[in-house]
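Peer 1: Chains as they are written, first to last, in my numbering: chain E, 1 to 381; chain W, 1001 to 1381; chain H, 2001 to 2381; chain P, 3001 to 3381. Beta carbons are placed, not taken as given, at the ideal position from N, Cα and C, and that holds for glycine.
Protein chains: 4
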Amino acid sequence: MKKKICFIISSRANYGRVKPVLLEIKKDKRLELQIILSASSILGRFGDIRKILIKDGLHFNDQAFVVIEGDTPLTMAKSTGFSIIEISTAFKNLNPDIVVVTGDRYETLATAISASYMNIVLAHIQGGEITGSIDESVRHAVTKLSHIHFAATQEAKKNILRLGEIKKYVFNTGCPSIDTLKLNKKKLKDVRDLLLGVGNKFDYNKPYILVVFHSVTTDYENSYNYAKVLAETIDKLKHQVVWLWPNIDSGSDEISRCIRQYRESKRLSNVSFFKNFSVDDYNSILRNALCTVGNSSSFIREGSYLGVPCVLLGLRQSGREIGKNVIFSDFNEEELLKKISNQIKKKRYPISYLYGQGNSAKKIKNYLAKLEPNIQKKLTF
Amino acid sequence: MKKKICFIISSRANYGRVKPVLLEIKKDKRLELQIILSASSILGRFGDIRKILIKDGLHFNDQAFVVIEGDTPLTMAKSTGFSIIEISTAFKNLNPDIVVVTGDRYETLATAISASYMNIVLAHIQGGEITGSIDESVRHAVTKLSHIHFAATQEAKKNILRLGEIKKYVFNTGCPSIDTLKLNKKKLKDVRDLLLGVGNKFDYNKPYILVVFHSVTTDYENSYNYAKVLAETIDKLKHQVVWLWPNIDSGSDEISRCIRQYRESKRLSNVSFFKNFSVDDYNSILRNALCTVGNSSSFIREGSYLGVPCVLLGLRQSGREIGKNVIFSDFNEEELLKKISNQIKKKRYPISYLYGQGNSAKKIKNYLAKLEPNIQKKLTF
Amino acid sequence: MKKKICFIISSRANYGRVKPVLLEIKKDKRLELQIILSASSILGRFGDIRKILIKDGLHFNDQAFVVIEGDTPLTMAKSTGFSIIEISTAFKNLNPDIVVVTGDRYETLATAISASYMNIVLAHIQGGEITGSIDESVRHAVTKLSHIHFAATQEAKKNILRLGEIKKYVFNTGCPSIDTLKLNKKKLKDVRDLLLGVGNKFDYNKPYILVVFHSVTTDYENSYNYAKVLAETIDKLKHQVVWLWPNIDSGSDEISRCIRQYRESKRLSNVSFFKNFSVDDYNSILRNALCTVGNSSSFIREGSYLGVPCVLLGLRQSGREIGKNVIFSDFNEEELLKKISNQIKKKRYPISYLYGQGNSAKKIKNYLAKLEPNIQKKLTF
Amino acid sequence: MKKKICFIISSRANYGRVKPVLLEIKKDKRLELQIILSASSILGRFGDIRKILIKDGLHFNDQAFVVIEGDTPLTMAKSTGFSIIEISTAFKNLNPDIVVVTGDRYETLATAISASYMNIVLAHIQGGEITGSIDESVRHAVTKLSHIHFAATQEAKKNILRLGEIKKYVFNTGCPSIDTLKLNKKKLKDVRDLLLGVGNKFDYNKPYILVVFHSVTTDYENSYNYAKVLAETIDKLKHQVVWLWPNIDSGSDEISRCIRQYRESKRLSNVSFFKNFSVDDYNSILRNALCTVGNSSSFIREGSYLGVPCVLLGLRQSGREIGKNVIFSDFNEEELLKKISNQIKKKRYPISYLYGQGNSAKKIKNYLAKLEPNIQKKLTF
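1. Measure the Cβ-Cβ separation of P/R3257 and P/Y3224 and say whether it is below 8 Å.
2. Tell me the start and end of each unbroken alpha helix (DSSP H) in the stretch 1216 to 1284 of chain W that is at least 4 residues and wholly inside, in chain order.
3. Nearest-angstrom Cα distance between E/S329 and E/K228?
4. Please report the straight-line C-alpha distance between H/A2064 and P/S3011, rounded to a whole angstrom.
5. In terms of alpha-carbon separation, which member of P/F3202, P/Y3262 and P/I3005 lies closest to P/N3095?
6. For the beta strand (DSSP E) containing H/H2124, list its first residue and its last residue.
7. Which two residues bound the contiguous beta strand (DSSP E) that contains E/K4?
8. Thinking C-alpha only, which one of W/K1365, W/V1308, W/H1214 and W/L1244 is nearest W/L1196?
9. Extract the residue ranges of the beta strand (DSSP E) inside the stretch 21 to 52 of chain E, only unbroken runs of 3 or more that lie entirely within it.
10. Using 8 Å as the limit for Cβ to Cβ distance, is W/F1273 near chain H?
11. Just the C-alpha distance for P/R3139 and P/G3132, rounded to the nearest angstrom, thanks.
12. Would you say P/F3082 faces chain H, with C-beta separation under 8 Å as the test?
13. Check this for me: beta carbons of P/N3184 and P/D3280, under 8 Å apart or not?
14. Please check if any C-beta of chain P sits within less than 8 Å of the C-beta of E/V389.
15. Just the chain W side, please: which residues come within less than 7 Å of P/T3089 by C-beta, in chain order?
16. Between E/K78 and chain P, is any beta-carbon pair separated by less than 8 Å?
17. Quick check on DSSP: helix, strand or coil for H/A2289?
18. What's the call for P/R3050, buried or exposed, on a 16-neighbour Cβ count within 10 Å?
19. How would you label W/T1180, buried or exposed, when you count the other beta carbons within 10 angstroms and need 16 or more for buried?
20. Tell me, please, whether the CB atom of P/F3137 is closer than 8 Å to any CB atom in chain H?
21. Where does the unbroken beta strand (DSSP E) through E/I209 begin, and where does it stop?
22. Contact criterion: CB-CB distance below 8 Å. Does W/K1187 meet it with respect to chain E?
23. Going by Cα to Cα distance, which pick from P/S3296, P/K3187, P/S3116 and P/D3190 is closest to P/F3091?
24. What separation, rounded to the nearest whole angstrom, lies between the Cα atoms of W/Y1367 and E/G57?
25. Contact criterion: CB-CB distance below 8 Å. Does E/N93 meet it with respect to chain H?
26. Just to make sure I have the definition right: I need the residues of chain P whose C-beta is within less than 8 Å of the C-beta of E/L43. Which are they?
27. Establish whether the CB of W/E1264 and some CB of chain H are separated by less than 8 Å.
28. How far does the alpha helix (DSSP H) with W/V1138 in it reach, from first residue to last?
29. Just the C-alpha distance for P/T3111 and H/T2075, rounded to the nearest angstrom, thanks.
30. Measure the C-alpha to C-alpha separation of W/I1340 and W/C1291 and round it to an integer number of angstroms.
31. For the candidate residues H/N2374, H/I2364, H/A2369 and H/I2375, whose alpha-carbon lies nearest to that of H/A2151?
32. Taking the C-alpha atoms as reference points, what is the distance between E/E24 and E/R287?
33. When DSSP labels each residue in this structure, what does P/N3095 get in the three-state scheme?
34. Using beta-carbon positions only, say whether W/V1018 and W/I1125 come within less than 8 Å of one another.
35. Thinking just about the alpha-carbon of each residue, which of P/I3255, P/S3352, P/Y3204 and P/C3175 is nearest to the one in P/V3021?
36. P/V3271 to P/V3293, Cα distance in whole Å?
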């Protein structure tokens, strides 16, 4: 009987990062791939990935609607609870041998808890990293519930071991998102969705800046003000700008509200706004950007491999291991403008293997096929 | 304005352990005590504590019914999810400054998650200990979500620091359950509820053995067999026995089923069965037992202070720091019988301060009054 | 492709009543039978039917744990909500053509709502009857959500039509529980479970009285007092008594508490208490009882066909069509004693076809196979 | 002690219709007004009413986030279940004497069920009407759970009586939405929000057509196609158009998708799109429209009083009592265009009192103050 490996995909970005692993597992005769789609991955507003997934030759076994709309700390907590209820049902029906989760979002934690109480072995990708926001605590809590750890960097692996995890189940495989990057051949001019934005009409022949700005859940009350500094700055740039809507998180409504107000007063006329892109499209846009601005982890992770200059804003990623391509800025218009201008001048930084060399998927797949950890964990230092 | 300190009480045992802290906080003018009752603490089957709490001079601000009946890994996971949903509402209404949780049960984890996503400072009592069952992973996950840590032993404090928590917020206060023990003056003959059991009529003048046996969630399929070995052994004892029903956990139905079958075949006629006791009653019964048998953490924690001989069964407490009063036994009738007999001969072990000296409550209260940790945590080694 | 007919079974009593229909559907080649078990039907405390169902040659497609423990109006409401959430998932997975519900309990209403919003045709058994308790409102609300109606009596059919339902979808099929009765050949002496009760040892050779007493949800605060009058009366009877624990409802905990108190004071020594029986066992016990006392609808429904004398208590069944075998009594010890004594003298009433002649299952099955109502309903008078 | 009257407001439209009743109750010394906001009434996407409510001199006692995002029949069912869970908690905390609900949406049903199982008297506004969609069944199910009925028309009152409700608790008070209309003095030129739409810039000096189109839940698969016919037609109109986004319902995502596609291909350039208006703004826009097109019940209800010509589309309102201002059209471009053109020529129809004369609020308030129905209902014909 095949070993059943179950992935929970909770957003388009999440899908992008694990796709190479999914494809590897699908090819392996010893393994049966199970996919559960949940959270924003099946919501039109945030980039429904169901058609993309099928076009990529995969299929999903179940889907769980778990987002309690409201975009406040309260609904974020409740969505976590509701996720546990719904994901547990899916596990009951699919009966997986190993559940694999990625990252540090509330859906990750919810899945980890379902698996834990249902006595299913849990594997975690992207544990051990250090950042800001509530994601920081959640990521390490997930580590404490996981049996197998696929760290993306050497430092992350060390952190997981320091957290008392069992050495033989902790690996630095690099991040599969680098595999995704390497596989991506799409040229910018083939990213037709760049024509479907709201606002400025994107011009393929002109350079552009990429902006992604998520709220910081532990500081969500300032989301509006932070967005305002960013919008004010972006409005002053000469370049055209590609701006992605924020994740579904506490505070993201405040960011949207700010953007809407600027648009209503006819500002930000240099910006094309987008709800979501397919993984390949996003990677092309990232690869070809003059510079990135905001707080997306992709600017650090994929960005370091690509050498795209980045101006990182605020606390959300603070603490994360960064390549040379990243410089920090406060929420200060003047500082921000200057740093963007400096980064643009750098053009490209040299390639960095900090987050992997693009061969993670196969490693992860092989460990999943081979390992049989005891369901009973124990702290070991 | 007073600092609002909110306790979530989820069982009669849990209440017993934190009662001294609650009473200390109630007396402090700087603090406002909030109490939320949840899980089995408000269910008749498992020992509803509402009247006891009021008799103790306390009152509760809210109550949350969160147990999804079924007693399987699936319902345990779902109860966790449902707890998050319900506890979050209570937090919205009470708006506490600090939430305090104890131990390692699913309600503890659920509360920790609600507090985390709602940006409320979280304090944890009894973190850093090492045991078996899913409790082990859950306890450390709660540590990773907590801002303030009140460890019960020196070793537990060390473990919490090793897990990367910030030193100035980690304390060995001892366990408040030792305070409870010290305050308890109740004589066995005043424990009138010993007459209300099912089965054998308890005789106050004869020595007795105390049995508490919970299921091990990570091994819940064997619950029935383990209970059978235990029942077979207990049935052979000459002494009268006080046996408490198990916690509401995956597997506890199997244990109940086993006990019922023995009773139906007129076995276990030396046993009086009980659903629950008040904290003071339980402590008296523990203090006066010839010997304890099973896997209750009270046998280790309170038992070490009292010096009551204990035969510890199975994995649930494996790894936990134990005093000299505890010896382990396998699920083997012969071994078990022999070890019980040996322990009875020891009468009493010397007092141990392993889990505290009985002055924890005041320490914990003072730290809660004083500390103002940053809501944004960060791994630090 | 077969037409998928999905039954939701929510208790052992519910199962008993629809079993003949299930068996008929299973035999029909045009139909695919789907069974979802929910609520108390899968809870040990209330009579887990999973093994019985399999012994009966059936199997279940899904099971839903939906009971939020607490036994208060609040938890009853929440269990309804949680049922909708869980049953909806099962419908998503099973994709039935018609959903069939029975009766008037919260699980019935929850199922009806899931089906309604998911655009599934709903058939209802036992609509149109008139009783007390919240069941009364719920039953008619379910009628308004249903497309096909299988009334158990002529009067019930009339009521459904008066409620504005479409004539060609309303049938008096009689109640399938009468089919169950007719199929039952079990002799009392073969009901071995009568030996497994708590309390008095049942004697097969002596006559007995059957007591079933559920709480009235719209009057749940008096549950304890009502139970007290009943217990006081039963304690005075000379006959042995078979007493079944109440349903899982608001107020049932109060009834249990009352019974427990009587038992603790060594009263009710003529009573054997039981948690649950299989359908066949229950029907044998009902058929052979001297007299029935309480408020179970089976005393009216099956009882009228069997002619077993009944003393009906309180409001729960008030308004329901009754046969001659039923007389009412207030919660008054003297009146109750006298009426029980009078009924016993009657021995047996003549058979009544009020609730059907025992051929309902086939009729219901055929209608389910044939009918294709429009999903869009419209009030019609 | 004051009698506590609790309203559940679930959308901006719902608020608009009951506002006069809320204000009446607030003024009455015998009554305490409680308001719970839920569903889309607190979601930015659908018109958060919290600030409006406070500006109107009211305040809310609680808010419940109950929308499970997804916009499918499954999530609609689950949102109903989740609403029951959340609203029940609010009832536990507020302990109202009477709960008042309006209309026929899933939040209405959820509230009715919470109140029913929690033994709270339920009053229903807008029962007894006949329409299409699942709303039709839900409305009558709510009637069967309600104790007091405030029908909006004479025919609706008759229907409620035919459904077996008790005569002395059924009233034709007229619809409070007509009171709202009468109170509204706002001039179109003061509706500044008409400048904040997306798409065409609204011109106050030119006539306009008002479009509101909701999905039909029992036919949600055709939502996209229906929206297409409508969009195609509207695109051909010479007049400027004010188009409101649909309710949060199964199928509304499909309608949004269709609109977005038309906009992306630069069609519908005569249309200004809006997410929501305050009640007063909406009423001004309705009052001044050349003609209304779509399936909003406001076109019938408020529209008949105002005499605004309406072309009604599809089944959602089919069966509803209509004034002379309404004509029906199929989803056929040619027919639709012609009927719009004919209606525009009519200018205004005479005032109709079909849905009330604008004095409902006081009547409803007085009945709520006076009536004390028995919580135990019983079918009566």
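Peer 2: Looking at the coordinates:
1. yes
2. 1223 to 1236 and 1252 to 1264
3. The alpha-carbon atoms of E/S329 and E/K228 are separated by roughly 15 Å.
4. Straight across, the Cα-Cα distance linking H/A2064 with P/S3011 is about 32 Å.
5. P/I3005
6. Where H/H2124 is concerned, the enclosing beta strand (DSSP E) stretches over V2121 to I2125.
7. K3 to I9
8. For the options W/K1365, W/V1308, W/H1214 and W/L1244, the alpha carbon positioned closest to that of W/L1196 is the one of W/L1244.
9. 31 to 38
10. no
11. 11 Å
12. yes
13. yes
14. Outside the displayed range of chain E (1 to 381) lies residue 389 of chain E, so it cannot be described from this structure.
15. T1089
16. yes
17. coil
18. By the 10 Å Cβ count, P/R3050 comes out exposed.
19. Buried.
20. According to the sequence provided, residue 3137 of chain P is Ser. The question's Phe does not apply to it. Yes, because at least one Cβ of chain H sits closer than 8 Å to the Cβ of P/S3137.
21. Y208 to V212
22. no
23. P/S3116
24. 57 Å
25. yes
26. E3069 and G3070
27. Chain H contact via Cβ: present.
28. Note, W/V1138: alpha helix (DSSP H), S1133 to L1145.
29. 15 Å
30. 7 Å
31. Per the C-alpha coordinates, the member of H/N2374, H/I2364, H/A2369 and H/I2375 positioned closest to H/A2151 is H/I2364.
32. 24 Å
33. Here P/N3095 sits in coil by DSSP.
34. yes
35. Closest in C-alpha terms to P/V3021, from the list P/I3255, P/S3352, P/Y3204 and P/C3175, comes P/C3175.
36. 13 Å
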